[in-house]
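Take the sequence shown: its letters are residues 1 to 297, numbered as in the UniProt record's numbering. Cβ coordinates follow ideal geometry from the N, Cα and C atoms, glycine included. A quick note: this is a predicted structure, and the numbers were derived from the prediction, not measured. Below is one structure; the comments refer to it alone.
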Amino acid sequence: MNTYSRHVSVFLVVALLSLFTRVGQGATEDQAGAETVILYPKPLSIKDSRPIYPVRLLQLAISKLNKTYRLKQSNALMTQSRALRMVGKENAADVVWTMTTQEREDNFIPIRIPIYKGLIGWRLFLIHASDQGKFDQINNLQDLQKLTAGQGHDWPDTYILNNSDIDVMSSSKYERLFDMLNKERFDFFPRSLIEIWDELEARPEFNLTVEKNILLRYPAAIYFFVNGDDKTLAADIERGLLAAIDDGSFEALFMKYNEWLIRKGSLGERRIIDLPNPILPLQTPLQNPALWYQITG
1 MNTYSRHVSV FLVVALLSLF TRVGQGATED QAGAETVILY PKPLSIKDSR
51 PIYPVRLLQL AISKLNKTYR LKQSNALMTQ SRALRMVGKE NAADVVWTMT
101 TQEREDNFIP IRIPIYKGLI GWRLFLIHAS DQGKFDQINN LQDLQKLTAG
151 QGHDWPDTYI LNNSDIDVMS SSKYERLFDM LNKERFDFFP RSLIEIWDEL
201 EARPEFNLTV EKNILLRYPA AIYFFVNGDD KTLAADIERG LLAAIDDGSF
251 EALFMKYNEW LIRKGSLGER RIIDLPNPIL PLQTPLQNPA LWYQITG
């Protein structure tokens with residue numbers, strides 16, 4: 001799927017998903033209990049195409065169930081931390097997808113199936129277009145520690161980078177981070193393989209590029225999370241995802257949206273810098289290789 005199509009899809013996906021039915025108990029009953037509406041967060045920016053794949057995967061999961069759920073986008077703009085605070089509250093959000101931490105798993109019900117097969121922890125760098133020479137000299141973590149990264153102030157990645165003695169300049173405004181990098185307020189903006197290309201192409205007004213040689217990698221997973229009281233919805237989403245894994249439709253959807261990103265990243269040709277993730281919960285299913293992407297060839 002090309003990038004143009006993905007950008008067009010972000011404007012169409014909400015309207016299309018509102019037509020889908022199939023599923024059942026959970027969030028808010030509509031039409032006298034005929035169906036159950038599942039609210040998911042509204043993107044912070046119209047340029048943000050990141051929700052497309054998670055929403056399609058969630059729709060795939062609920063399509064495997066003999067119930068009448070319907071997905072609907074929330075009307076409220078929410079940062080990552082606010083979306084988590086609002087999970088389960090009326091007219092806010094019934095399900096969110098975010099990187100797992102022990103705190104989040106303690107406060108919400110995680111569906112422990114990494115929806116991006118761990119690629120959220122595979123980080124390439126957005127950099128100022130004039131700075132590639134600076135990164136040509138980076139061979140290891142010690143070299144990288146001389147530079148400053150940019151990240152969202154409430155992102156788990158900020159803690160992960162700080163834990164490895166990488167300085168981080170943060171902002172609560174997602175769009176502002178691109179402007180800050182363009183103004184060289186920091187040196188690099190680590191973005192996951194699944195985010196970076198769309199983010200760059202959606203912002204041609206900035207003099208940015210993708211760094212050519214480095215892959216920063218740490219174990220991480222994005223899960224669907226629901227409110228702690230919504231055990232039925234959690235069980236249904238998990239059951240649907242497992243069914244999709246079993247029949248191959250999970251892998252097919254994953255590759256439809258992510259294969260071109262994997263190829264474009266030239267992962268096998270990059271210098272890999274591995275970091276520990278001190279906030280990765282012990283229950284993370286690292287022992288199941290089928291749930292995680294591996295470099296092959």
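Counterpart residues of residue i in DSSP-defined beta bridges
i	result
Arg191	Leu124
residue 311	Residue 311 lies beyond the residue range present for the chain, which begins at 1 and ends at 297; the question has no answer from this structure.
Met169	Gly150
Lys72	Leu39
Ala93	Val87
Met99	Ile222
Asp274	Arg217
Whole-Å CB distance - residue i paired with residue j, under 8 angstroms assumed
i	j	result
Ile222	Thr98	6 angstroms
Leu126	Phe186	About 10 angstroms separates the two Cβ atoms, so there is no contact after all.
Glu105	Gln283	7 angstroms
Leu161	Ala149	6 angstroms
Ile262	Ser192	Not a contact, Cβ separation roughly 12 angstroms.
Gln145	Ile166	6 angstroms
Opening and closing residue of the beta strand (DSSP E) in which residue i lies
i	result
Gly268	Neither: Gly268 is in no beta strand (DSSP E) and is coded neither H nor E.
residue 298	Because residue 298 is not part of the residues shown, which for the chain are 1 to 297, the question remains open.
Leu208	Leu208 to Val210
Same chain, Cβ closer than 6 angstroms to residue i, five either side skipped, listed in chain order
i	result
Asn226	What sits at residue 226 in the sequence shown is Val, not Asn. Once the five neighbours on either side are set aside, the close Cβ partners of Val226 are Val95, Ile109, Leu233 and Ala234.
Gly240	Ala61, Ile62, Lys64 and Leu65
Gln132	none
Asn163	Pro278
Ser170	Gln151, His153 and Thr158
Leu216	Arg123, Pro190 and Ile273
Lys117	Trp292 and Tyr293
Tyr53	Tyr257
Pro51	Pro43
Glu238	Ile111
Glu184	His128
Endpoints, alpha helix (DSSP H) assigned at residue i
i	result
Thr158	Pro156 to Asn163
Leu141	Leu141 to Leu144
Trp197	Ile196 to Glu201
Arg176	Tyr174 to Asn182
Asp136	Gln132 to Asp136
Leu58	Ile52 to Ser63
Sequence-distant residues of the same chain with beta carbon closer than 7 angstroms to residue i, five excluded per side
i	result
Pro285	Arg112 and Leu291
Lys231	Ile109
Arg270	Asn213, Ile214 and Leu215
Gln102	Ile279 and Pro281
Ala76	Lys42 and Ala92
Ala244	Leu60, Ala61, Lys64 and Phe250
Gly26	Reliability of the predicted coordinates at Gly26 is poor, the pLDDT of 44 falling under 50, and no value is obtained from them.
Arg56	Leu253
Ala34	Thr68
Gly265	Leu124 and Leu193
Phe20	Residue placement at Phe20 cannot be trusted, given a pLDDT of 38 that sits under 50; the coordinates are not used to answer.
Spatial neighbours of residue i in its chain, beta-carbon cut-off 8 angstroms, leaving aside the 5 residues before and after
i	result
Gln31	Reliability fails at Gln31, whose pLDDT of 49 lies under 50, so the model's placement of it is uncertain and the value that follows must be treated cautiously. Answer for Gln31: no residue qualifies.
Asp143	Gln137
Asn182	His128, Phe206, Asn207 and Leu208
Leu84	Val96, Thr98, Arg104, Asn107, Phe108 and Phe225
Val210	Leu124, Phe125, Leu126, Ile127, Ile196, Trp197 and Leu200
Gly228	Gly88, Asn107, Phe108 and Ile109
| field | Given 8 angstroms, three or more beta-carbon pairs between the stretch 248–257 and the stretch 130–143 | value | no
| query | Would you call the stretch 167–183 and the stretch 205–222 in contact, with 3 or more CB pairs under 8 angstroms? | reply | yes
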